[in-house]
Amino acid sequence: MTLPINAQNVSIVSIEKINKLSGENVKLCMQCGTCTAACPMAEEMDFFPRKVMHLSQFGMLSLMNDINTYWKCASCHSCSVRCPRGIDIAKVMEALRQLVLRTSKNYIEPSQMPAEQISELPQIAMVAGFRKLTS
Amino acid sequence: MKISYYPGCTLKLKAKNLELAALASLQALGIDVEEMDRWNCCGAVYSLTDDDLIHHIGPVRNLVRAKERGADKLVTLCSMCYNTLARANQLMKTDTVKRDTINRFMDDEIDYFGEVEVIHYLTLLEEQVGWDKIKEKVTAPLTDLKVAPYYGCTLQRPQDVGIEPMGSFRLMTGLLEAIGATVVPFNSADKCCGSYQVINAPAGDNDAAANVINAAASAGIEALATSCPLCEYNLGKQQDQFMAKGKITANVPTFYFTQLLAMALGVNPEVCHFELNDMKAVQLLEAKKFQVAA
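Here it is as structure tokens:
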């Protein structure tokens, strides 16, 4: 898939937003792909973490609106502890989630979860999941 | 030295088998801890956005409670509680700007500067008892049980709050060996089980967890030992669905390490509440002739 880099989808404001929310500097990424190799959820992601880091470096939020990468992230920090550039990638994924959640959009709807599942799940699954996936 | 105990929400409901076995074991080992009063939810996950201080209030309030009661240490069992409380504590110790903002916001509470040390139950056992003494107190060693420590994510990452360095599983290995089990290392002891993603997936649709089970089975492991109720759910309680979907070919029952400890110390097995584990766990213990009922 070719992603055009042009004035319509490159945004300096978006780069600043991601950096400010995450407290990280996405420009430090050298695209080595260690994050993708370490990610236990990578197989289920539309774009691998390395690619999302690349899109973040250009502030291409519009191209990341409909991908599941940052929603599939389990915040396990496998990437963060291995990044040779010292980027806490889990924080970048959190920033991308928050940019959506802070517009009052939910990624999952708790009311749609089957009652049987809710009664079986440990409490921390729901506390953690709702904090990560709902606004 | 005063040690406060923080249980967290899941241990009072779905993971009673983690807590009750742990407390009974401490009693058998002669260690005194006091459950802190007025504890609240830790938030389960540490907030990762730089401007989000409000979600640190939950864990910090628990630390304030511990300080108020004069506790030197706060011990936790659940891996997610440990991680969230330890990271919040580190923030209050090191980030003076955020600490001041949080202290000002919580103006009804005493100021907190990270004075209480947050430790995990495994660290407590090593510091206060030691593996040799535990070995002496074992009355029912878990002979011939091939078990692996499963740490998952939150006991070790990020590294500055991890109970031990990445790649090292010394604490739980030391404990499991002390209680007579055969510890079998495997390559997925710190791989993620999929964590909270389970709320966004149909039952049994969790490859991260199935991969861990497969890695354990091919290493010849009979049981996994964990300290996290979410790992126990994702790994232990989904195996029938994994099997039905062809994701795994062999079962590897999952236990809380505290259940194995209590069993070896000869604590009344009813305290271990094995009925809260998957049936396969009970079947394994019965096959090994361990006492699972009083």
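Protein chains in written order, with the numbering used here: chain C, 13 to 147; chain Y, 90 to 383.
Quick reminder that beta carbons are idealized off the backbone N, C-alpha and C, glycines included.
Starting from residue 333 of chain Y, follow the alpha helix (DSSP H) in both directions and report where the run begins and ends.
Taking the first residue of the second sequence as 1, we reach residue 333 of chain Y at position 244. Here the alpha helix (DSSP H) through residue 333 of chain Y covers 328-333.
Where DSSP assigns a beta bridge to residue 123 of chain Y, which residues make up the other side?
In the second sequence, residue 123 of chain Y corresponds to position 34, counting from 1. Its beta-bridge partners are Y:93.
Could you name the residues of the same chain whose beta carbon sits closer than 6 Å to that of residue 330 of chain Y, not counting the 5 residues immediately before and after it, in chain order?
In the second sequence, residue 330 of chain Y corresponds to position 241, counting from 1. Answer for residue 330 of chain Y: 292 and 293, listed in chain order.
Per DSSP, which one or two residues make a beta bridge with residue 206 of chain Y?
Taking the second sequence and counting its residues from 1, one reaches residue 206 of chain Y at position 117. Answer is Y:162, bridged to residue 206 of chain Y.
Can you confirm whether residue 372 of chain Y, when its beta carbon is compared against all beta carbons of chain C, has any partner nearer than 8 Å?
Here residue 372 of chain Y corresponds to residue number 283 of the second sequence, with the count starting at 1. No, residue 372 of chain Y does not count as interfacial toward chain C.
By how many angstroms is the C-alpha of residue 130 of chain C removed from the C-alpha of residue 359 of chain Y?
Position 270 of the second sequence holds residue 359 of chain Y. Position 118 of the first sequence holds residue 130 of chain C. So the two alpha carbons sit approximately 26 Å from each other.
Under 8 Å, do residue 134 of chain C and residue 112 of chain Y count as touching if we go by C-beta distance?
For this step, residue 134 of chain C is matched to residue 122 along the first sequence. For this step, residue 112 of chain Y is matched to residue 23 along the second sequence. For residue 134 of chain C and residue 112 of chain Y, no; Cβs fall outside 8 Å.
Pair within 8 Å by beta-carbon distance, residue 90 of chain Y and residue 161 of chain Y:
Looking up residue 90 of chain Y in the second sequence gives position 1. Looking up residue 161 of chain Y in the second sequence gives position 72. For residue 90 of chain Y and residue 161 of chain Y, yes; Cβs fall inside 8 Å.
Contact with chain Y by residue 84 of chain C, beta-carbon distance below 8 Å:
The residue given as residue 84 of chain C occupies position 72 in the first sequence. Judged by the 8 Å Cβ criterion, residue 84 of chain C is in contact with chain Y.
Using only the alpha-carbon positions, how far apart do residue 314 of chain Y and residue 338 of chain Y sit?
In the second sequence, residue 314 of chain Y corresponds to position 225, counting from 1. In the second sequence, residue 338 of chain Y corresponds to position 249, counting from 1. Roughly 20 Å separates the two Cα atoms.
So, does the segment 254-272 of chain Y touch the segment 202-221 of chain Y, judging by three or more C-beta pairs under 8 Å?
yes
Is the beta carbon of residue 178 of chain Y sitting closer than 8 Å to the one on residue 159 of chain Y?
In the second sequence, counting from the first residue as 1, residue 178 of chain Y sits at position 89. In the second sequence, counting from the first residue as 1, residue 159 of chain Y sits at position 70. Contact flag unset, no.
Quick one, which of Y:210, Y:234 and Y:173 has its alpha-carbon nearest residue 309 of chain Y's?
On the second sequence, position 220 is the one that residue 309 of chain Y refers to. Measuring from the Cα of residue 309 of chain Y, the nearest candidate turns out to be Y:234.
Which residues in the same chain have their Cβ closer than 6 Å to the Cβ of residue 74 of chain C, if we skip the five residues on either side of it in sequence?
On the first sequence, position 62 is the one that residue 74 of chain C refers to. Cβ neighbours of residue 74 of chain C beyond the five flanking positions: 21.
Count the other CB atoms, across all protein chains shown, that sit within 10 Å of the CB of residue 24 of chain C; report buried if there are 16 or more and exposed otherwise.
Counting from 1 along the first sequence, the entry for residue 24 of chain C is found at position 12. Result: exposed.
Find the residues of chain Y that neighbour residue 52 of chain C, judging by a C-beta separation of less than 8 Å, and give them in chain order.
Translated into the one-based positions of the first sequence, residue 52 of chain C becomes position 40. Within chain Y, the residues near residue 52 of chain C are 280, 281, 283, 297 and 300.
Mind checking the segment 66-96 of chain C against chain Y and listing, in chain order, the residues whose C-beta falls within less than 8 Å of any C-beta there?
83, 84, 86, 87, 88, 89, 90, 92 and 93
Does any residue of chain Y bring its CB to less than 8 Å from the CB of residue 26 of chain C?
One-based indexing of the first sequence puts residue 26 of chain C at position 14. Answer no: the Cβ-Cβ gap between residue 26 of chain C and chain Y never drops below 8 Å.
Can you find a C-beta in chain Y that's less than 8 Å from the C-beta of residue 134 of chain C?
Sequence index remark: in the first sequence, residue 134 of chain C carries index 122 (1-based). For residue 134 of chain C, the answer is yes, since a Cβ of chain Y falls inside 8 Å of its Cβ.
Counting Cβ pairs closer than 8 Å, one from the segment 97-113 of chain C and one from the segment 28-36 of chain C, do we hit at least three?
yes
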